[in-house]
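**Q** Numbering (the numbering used here), first residue to last: 1 to 787. Below are the structure tokens for one structure; questions will follow.
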Amino acid sequence: MVLYADPPPPIKPPEIKIKELANKSTYESSMMEQKTRLHAIERHRSCEVSQAILSEVENRHQHQTLEPIKSPISGCSPSVESTTDTNTVHRHTVADAAWEALKKSIVHFRGQPIGTVAAIDKSQGALNYDQVFMRDFVPSALAFLMKGEPTIVKNFLLETARLQLREKMVDLFKLGQGVMPASFKVHHCNSKHKTESLLADFGETAIGRVAPVDSGLWWIILLHAYTIWTRDNSLAESPECQRAMRLILKLCLSEGFDTSPALLCADGCSMIDRRMGIYGYPIDIQALFFMALRCAVTLLKEDHNDDFVYQISRRIKALSYHLHSYYWLDFQRLNEIYRYKTEEYSETALNKFNVIPESIPDWIFDFMPSRGGYFIGNVSPARMDFRWFCLGNFIAILSSLTTGEQAEAILDLVEERWEELIGEMPMKVCYPAMENQEWQIVTGCDPKNTRWSYHNGGSWPVLLWLLVAVSVKLGRPHIARRAVEVMEKRLVKDEFPEYYDGKAGRYVGKQARKFQTWSVAGYLVAKMLLDDPSNLRAVSLADDCHIRSAPLSLTRRRLHPGPDLLTLSSPRLRAGLRLARAAAGEAPVETVEAPPSKPEAEPSPAASNGAAVKAEKPPAAAAAPPLPKFRDSRWVNGTWDLRQFEKGGAVDWDAVIDAEARRRKWLEDCPEATSPDEAVVFDTSIIPWWAWMKRFHLPEAEKLNGRAAMIGFFMAYFVDSLTGVGLVDQMGNFFCKTLLFVAVAGVLLVRKNEDIETVKKLIDETTFYDKQWQATWQDESPSQPKK
């Protein structure tokens, strides 16, 4: 039976909000004019909120967002947008009911909280909804972090890291060591002794035997959120978490037959865990992969014996370029694809994946607005999945995969297509739905994924927190408030269902579980993000212009930093950046005026009546965003701490050379500006000459001193000492020039000590058959007299 009360009223701003805006302008009846006016008001209010957070002003005006007033019961502050007692009480009730439901879902293991079950709906069979799912726990973990209860998150991360080490078998096949479990449950082994153990599901018991590709990516993202929120690095630096991250990323970065940096996946590998045609390179996984890589770079302790972090950084750049080049779609790009030529065979082909223009679905031409855009669902040979996927696009904004313009375009699309993507319950997991023959072929006639249901165009309340997070990040909270108001009308009444059915999301899902935990947690996280935008620091990554820069522009980037959100003209972007910086605990970026100088005498500007007026100062340049810094525990005060390189009572100069080579390789890819306080004082001349001669360091020496030149001059001085012929005169001496050429040839051929053995083996191999032939004659010659 579908639980549904009176139809909700049409979506429009509440009357009280119109009264608040009356002192600035009159309300426009036209939807387009109304939207423009709301944008202008919210830009102003967003900037005020950002400035209030950065300056820590306690007393604020009534029309601004107040500081979070935590409820003693719920810990979630009520909205201050509505001043009526009825709405305030209603929102208190929704928040209190949500916190009560979330607390009931907590699972304990050996007396400690370890996670939350997927759902606590007692009206239906448990199936696997009584387990703790990796992806489902993420919004619950964020809610607990924002409430100041990080213990359950820490326990969850540690226990899942231990589960990762278990042997994973599906039939007779052993899964990769880096695979994280999709879910787990507490198993009571002995009721008398009350012994407990954890049973993990790595896909061997899942419906359809789907692989949990996203579990490991969510684990890294959650570890980063915990570290940022608690400001405690001890968990991330623990051996268990370092090992878990490396196992996950080694599995993701392993070499294969792929011709793109994207992560190849089977169907049902993410939140959409049923057959829905997302096999290949789905945007949901690629966005999570990108965010997990960025989080891992900041969390991993670099092993001085490998270039794992450097490999991750290179993959981040390649993945960013790939997604921007082939996944982004807007009106102009759609028109280009519509005019594609096919069967192009060259490196400069425009239609690189040989997409047939006739395969473009008809709905996209009406769905794509003039302003707006999004990352499409999938790209592979002769195939472009034009469907909109909510998770991938919003994670792309939070991870700063998008540029500032692209992030704005995605939210513009949400506003332009509000009825299609939001409707009466936020929000569509994908759009549009498949039906008829397409549904039969792609889903295999899946009765749970009928049109506008479940993953096939269903509406999922959990996605609200992602919508609110990106709206707050971009300084457009009016979108978030509007969506929250829509959800609050029905969420408690419908008992926090898992998903909604219907083109507008009007009906509770046909097979939806009630009291779905991530629906509860998603609402709470959304409320806390709106009440206190500084909570955004747990889920948002700062923009890094180096990720999207071309490798050939390294020098130019050092002199002229790439565009940042602060340099864009949109006030919403500037407000959103200030919010993100304040949320991340960074110092506020303030405009800096140029130092006073003595300009040449200029005529004073005059008004129309001849009176002098005050000249307007040009806008001050914004400070450049902070660049990534080289990190190594042995790099102290601009030089290498040689005490940390001691080995057997002496300095290991080989390790010093390797470390300096890695540092300079880092500077090539990420050039960083230096200041007098951080001056580099290390000089390679402190490395003794015999350290270079003891071990061949051609790749390193080419970057540092030039080993060929060193050995060449060494040979020149050696010849000078033997023959008395000077350096200049040696160039005219055949014998001396021969020695110099032999030295340089040796440098080019022998790159390291092991190469000497290789050359010896090559020489032996060239004479091997001759020696064998001679050996046969030698064996026969002494035997002849015996005949």
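Don't be surprised by glycine CBs; every beta carbon is placed ideally from N, CA and C. What you are looking at is a predicted structure, and each value in this text was computed from that prediction instead of being measured.
CB-CB under 7 Å to Gln177, same chain, minus the five flanking residues each way: which ones, in chain order?
**A** Result list for Gln177: Leu247, in chain order.
**Q** In chain order, what residues of the same chain have a beta carbon less than 8 Å from the beta carbon of Ser215, not counting five sequence neighbours either side?
**A** Met134, Arg135, Val179, Met180, Pro181 and Ala182.
**Q** List, from N- to C-terminal side, the alpha helix (DSSP H) runs of 4 residues or more that fit wholly inside the region 134 to 194.
**A** With a minimum length of 4 residues, the continuous alpha helix (DSSP H) runs that stay inside the region 134 to 194 are 134 to 147 and 151 to 164.
**Q** Less than 8 Å separating the beta-carbons of Pro426 and Leu463?
**A** Yes, they are a contact pair.
**Q** If you follow the alpha helix (DSSP H) that Leu251 is part of, which residue opens it and which one closes it?
**A** Here the alpha helix (DSSP H) through Leu251 covers Pro239 to Cys252.
**Q** For Gly522, list the residues DSSP reports as bridge partners.
**A** Note: Gly522 sits in no beta bridge, so no partner.
**Q** Tell whether a beta-carbon distance below 8 Å holds between Arg315 and Leu334.
**A** Not a contact, by the Cβ cut-off of 8 Å.
**Q** What does the Cβ neighbour count give for Trp418, buried or exposed, with the cut at 16 atoms within 10 Å?
**A** The residue is buried, with at least 16 neighbouring Cβ atoms inside 10 Å.
**Q** Note down, in chain order, each residue of its chain lying with its Cβ closer than 7 Å to the Cβ of Ile285, except the 5 sequence neighbours on either side.
**A** Closer than 7 Å at Cβ, skipping near neighbours: Val213, Asp214, Leu263, Cys265, Cys269 and Ser270.
**Q** Using a Cβ-Cβ cut-off of 7 Å (strictly less than) and excluding sequence neighbours within five positions of Gly638, which residues of its own chain qualify?
**A** Taken in chain order, the residues that qualify are Glu678, Ala679, Val680, Val681 and Phe682.
**Q** Only counting the same chain, and skipping five residues up and downstream in sequence, which positions put a Cβ closer than 6 Å to that of Gln311?
**A** Nothing meets the Cβ criterion.
**Q** Starting from the C-beta of Tyr281, find all residues in its chain whose C-beta is less than 8 Å away, skip the five residues before and the five after it, and write them out in chain order.
**A** Hits under 8 Å: Ser260, Ala262, Leu263, Leu264, Cys265, Asn378, Val379 and Ser380.
**Q** Who are the near neighbours of Pro369 in its chain, counting only those whose CB is closer than 6 Å to its CB and skipping five residues on each side?
**A** Same-chain partners within the cutoff: Glu416.
**Q** Three or more C-beta pairs under 8 Å: does that hold for the region 520 to 534 against the region 132 to 151?
**A** Contact between the region 520 to 534 and the region 132 to 151 is present, because at least three Cβ pairs lie under 8 Å.
**Q** What's the C-alpha gap between Val492 and Lys448?
**A** Whole-angstrom Cα-Cα distance: 24 Å.
**Q** What residue ranges within the region 315 to 356 form continuous alpha helix (DSSP H) runs of no fewer than 4 residues, ordered along the chain?
**A** Those alpha helix (DSSP H) runs which fall completely within the region 315 to 356 and span 4+ residues are 331 to 338.
**Q** Kindly confirm or deny that the region 153 to 172 and the region 218 to 233 touch, where touching means at least three C-beta pairs closer than 8 Å.
**A** Yes, since at least three Cβ pairs between the region 153 to 172 and the region 218 to 233 fall closer than 8 Å, the two stretches touch.
**Q** With DSSP as the reference, identify every bridge partner of His108, one or two as the case may be.
**A** Pro113.
**Q** Determine the burial state of Pro357: buried for a count of at least 16 other Cβ atoms within 10 Å of its Cβ, exposed for fewer.
**A** Under this definition Pro357 is an exposed residue.
**Q** If you compare alpha carbons, which of Arg631, His224, Lys647 and Gln242 is closest to Glu660?
**A** Nearest C-alpha to Glu660: Arg631.
**Q** Helix, strand or coil, according to DSSP, for Ala594 in the structure here?
**A** Confidence in Ala594 is poor, its pLDDT being 41 and thus under 50, which makes the residue's placement unreliable; the coordinate value appears in the next sentence. Coil, per DSSP.
**Q** Provide the residue span of the beta strand (DSSP E) that contains Asp669, from first to last.
**A** Note, Asp669: premise wrong, no beta strand (DSSP E); alpha helix (DSSP H) at Trp653 to Asp669.
**Q** Excluding five sequence neighbours on each side, which residues of the same chain lie with their C-beta closer than 6 Å to the C-beta of Asp307?
**A** Once the five neighbours on either side are set aside, Asp307 has no close Cβ partner at all.
**Q** Please tell me whether Arg274 and Gly203 are closer than 8 Å, where the distance is taken between their beta carbons.
**A** For Arg274 and Gly203, no; Cβs fall outside 8 Å.
**Q** Is Cys295 helix, strand or coil when you go by DSSP?
**A** The answer is helix: DSSP assigns Cys295 an H, G or I state.
**Q** With H, G and I counted as helix, E and B as strand and the rest as coil, what does DSSP make of Met715?
**A** It is helical.
**Q** Pick from Glu424, Arg643, Phe496 and Thr227: whose alpha carbon is nearest that of Val520?
**A** Ranking Glu424, Arg643, Phe496 and Thr227 by Cα distance to Val520 puts Phe496 first.
**Q** Put Arg383 into one of helix, strand or coil per three-state DSSP.
**A** Strand, per DSSP.
**Q** CA-CA distance, Thr227 and Pro150?
**A** Computed Cα separation, rounded: 10 Å.
**Q** Based on the DSSP secondary-structure assignment, which residues constitute the bridge partners of Gln516?
**A** Gln516 is bridged to Ala119.
**Q** Which runs of the beta strand (DSSP E) at least 3 residues long sit entirely within the region 470 to 507? Give them in chain order.
**A** If we require 3 residues or more, the region 470 to 507 turns out to have no beta strand (DSSP E) run fully inside it.
**Q** Please check the pair Lys168 and Leu175, which I expect to be a contact at CB under 8 Å, by giving their CB distance rounded to whole angstroms.
**A** Confirmed, Cβ separation roughly 4 Å.
**Q** Looking at the structure shown, is Cys736 part of a helix, part of a strand, or coil, going by DSSP?
**A** Reduced to three states, the DSSP call for Cys736 is helix.
**Q** Could one say the Cβ of Gly475 lies closer than 8 Å to chain C's Cβ atoms, at least one of them?
**A** This model lacks chain C altogether; it includes just one protein chain.
**Q** According to DSSP, which residues form a beta bridge with Glu646?
**A** In the DSSP output, where bridge partners are listed per residue, Glu646 has Val651.
**Q** Could you tell me the alpha carbon to alpha carbon distance between Trp439 and His322, rounded to whole angstroms?
**A** Trp439 and His322: Cα-Cα distance of roughly 29 Å.
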